[in-house]
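Those letters in the sequence shown? Residues 819 to 1109, by the working numbering.
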Amino acid sequence: MFTADRRIKFAVLSILSNSALIILKIVAGVISGSVSIISEAIHSSMDLVASLVAFFSVKQSSKPADRRHPYGHGKIENISGIIEGVLIFIAAAMIINKSYNKIFEPAAIEQADVAIAVMIVSSVVNFFVSRKLYKVSKEEDSMALEADALHLKTDVYTSLGVGLGILLIKVTGLAILDPIVAILVALLIIKEAWVLCKNAIDFLLDVKLTDKEEDEIEMIIKEHSHQFIGYHKLKTRKSGNMKHIDFHIVVDPDLTVKEAHDIIGSLKKDMSNKYKNTRVNIHVDPKKSDD
């Protein structure tokens, strides 16, 4: 329960920080007339929606398994990753559409100092919030929070890029730099959306755990190899923050049920100690006489 509450708490932090920054960017965009700042406000608006999706998903995914969902609700986090990725694609399309027209009718930037200050504040706030979210996402193995952290991390770079663009406009007087910077912002967040969607779809399709994790699992199995004859059919997958590990062990056919149960228990204990939120399923095969 503590784990779920912690994830929810940081999802709320992201919602609050995004809400405040959207207001700042809209005000700065209206005052300055900068399309790149308006594009950043759009980006942050999508970040806010993504934060709300993350909040909903971590709240729902923390529900215990039930009769209808015997493997739990973890994949809600993976679905939320796809939703967040699609939202980023939409934001990028809106930014490119708005910026393209501005290339042919560039407008002068007013109150450039205010606009630059807002972008710097936005970058600093998102830097610290994204770093904290990413840390918690790794500790809690939460894809929804990791996706949210990725949103905010991208916002750090885009805000800095917009601030730099406005500074260059102020120095050079080239107003056309404003929509060009906005389009570059859009291209950067399209890349972010692609990575996010790909990772989420991989987990929905039950892609295996990483090679490193599978090597560590096999290491644990081999540490217990003196208790059984062999193992095979190792399969792994991930659902939300829950890792699933399945494999068969080959044992002496004369082994008692209790002895086989103890072997399975010791394997499960070591794997659960190594990985939080892990479900291990081990099938026992008796050694055939012709093996």
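All residues carry an ideal CB built from backbone N, CA and C; glycine is no exception.
Chain B contact for G991 (CB, 8 Å cutoff): Reference to chain B is not applicable here, since this structure consists of a single protein chain.
Boundaries of the beta strand (DSSP E) in which S1057 is found, first to last residue: Translated into positions along the sequence shown, residue 1057 becomes position 239. First-last of the beta strand (DSSP E) with S1057: G1048 to S1057.
Rounded C-alpha distance that separates E1031 from A872: Within the sequence shown, residue 1031 is the residue found at index 213, counting from 1. Within the sequence shown, residue 872 is the residue found at index 54, counting from 1. For the pair E1031 and A872, the Cα-to-Cα distance works out to about 26 Å.
Span separating the alpha-carbon of G991 from that of A965: On the sequence shown, residue 991 is found 173 positions in, with the first residue counted as 1. On the sequence shown, residue 965 is found 147 positions in, with the first residue counted as 1. Distance between the alpha carbons of G991 and A965 is about 38 Å.
Within the region 1014-1052, ranges of the alpha helix (DSSP H) (whole runs, at least 4 residues): Whole alpha helix (DSSP H) segments, 4+ residues: 1029-1041.
Cross-strand partners of T1096 (DSSP beta bridge): Here residue 1096 refers to the residue found at position 278 when the sequence shown is read from its first residue. DSSP output for T1096 lists K1061 as bridge partner(s).
Sufficient close CB pairs (3 or more, under 8 Å) joining the region 1056-1063 to the region 995-1015: No: fewer than three Cβ pairs fall under 8 Å.
Residue interval of the alpha helix (DSSP H) (run including E928): Counting from 1 along the sequence shown, the entry for residue 928 is found at position 110. From DSSP, E928 is part of no alpha helix (DSSP H); its letter is neither H nor E.
Cβ-based burial, N1017 [other Cβ within 10 Å; buried from 16]: For the purposes of this step, residue 1017 is identified with residue 199 of the sequence shown, where counting begins at 1. When all chains shown are included, N1017 counts as buried.
C-alpha gap between R779 and N915, whole angstroms: Missing from the structure shown is residue 779; the chain here goes from 819 to 1109 and no further.
Exposed unless 16 or more other CB atoms sit within 10 angstroms - verdict on K843: What you label residue 843 is simply residue 25 of the sequence shown in a count that begins at 1. Around the C-beta of K843, 16 or more other C-beta atoms lie within 10 Å, and the residue is accordingly described as buried.
Limits of the unbroken alpha helix (DSSP H) element including G903: In the sequence shown, the residue the question calls residue 903 occupies position 85. Where G903 is concerned, the enclosing alpha helix (DSSP H) stretches over K893 to F922.
N-terminal and C-terminal residue of the alpha helix (DSSP H) that S960 is part of: By one-based count along the sequence shown, residue 960 stands at place 142. Taken as a continuous stretch (DSSP letters only), S960 belongs to no alpha helix (DSSP H), as it is neither H nor E.
8 Å Cβ cutoff met for V989 and L839: Here residue 989 corresponds to residue number 171 of the sequence shown, with the count starting at 1. Here residue 839 corresponds to residue number 21 of the sequence shown, with the count starting at 1. 8 Å or more divides the Cβ of V989 from the Cβ of L839.
With 16 other Cβ atoms within 10 Å as the buried cut-off, status of V830: Stepping through the sequence shown from its first residue, residue 830 is reached at position 12. The residue is exposed, with fewer than 16 neighbouring Cβ atoms inside 10 Å.
For H887, three-class secondary structure by DSSP: The residue labelled residue 887 in the question sits at position 69 within the sequence shown. Here H887 sits in coil by DSSP.
Pairwise C-alpha distance: F945 and V939: The residue labelled residue 939 in the question sits at position 121 within the sequence shown. The residue labelled residue 945 in the question sits at position 127 within the sequence shown. V939 and F945 have their C-alpha atoms spaced approximately 10 Å apart.
Straight-line Cα distance separating I856 from L1001: Locating residue 1001 in the sequence shown gives position 183, counting from the first residue. Locating residue 856 in the sequence shown gives position 38, counting from the first residue. Strictly speaking, residue 1001 in this sequence is Ile, with Leu absent from that position. I1001 and I856: Cα-Cα distance of roughly 12 Å.
Selected residue, minimal CA-CA separation from F1046, among V932, T1074, K827 and Q929: Within the sequence shown, numbered from 1, the residue matching residue 1046 stands at position 228. Ranking V932, T1074, K827 and Q929 by CA distance to the CA of F1046 puts T1074 first.
Identified DSSP bridge partners for P1140: In the structure as shown, the chain starts at 819 and stops at 1109, and residue 1140 therefore has no counterpart that could be examined.
Option in L982, L1005 and L1006 with minimal Cα separation from L995: Working through the sequence shown from its first residue, we reach residue 995 at position 177. When each option's Cα is compared against that of L995, the closest is L982.
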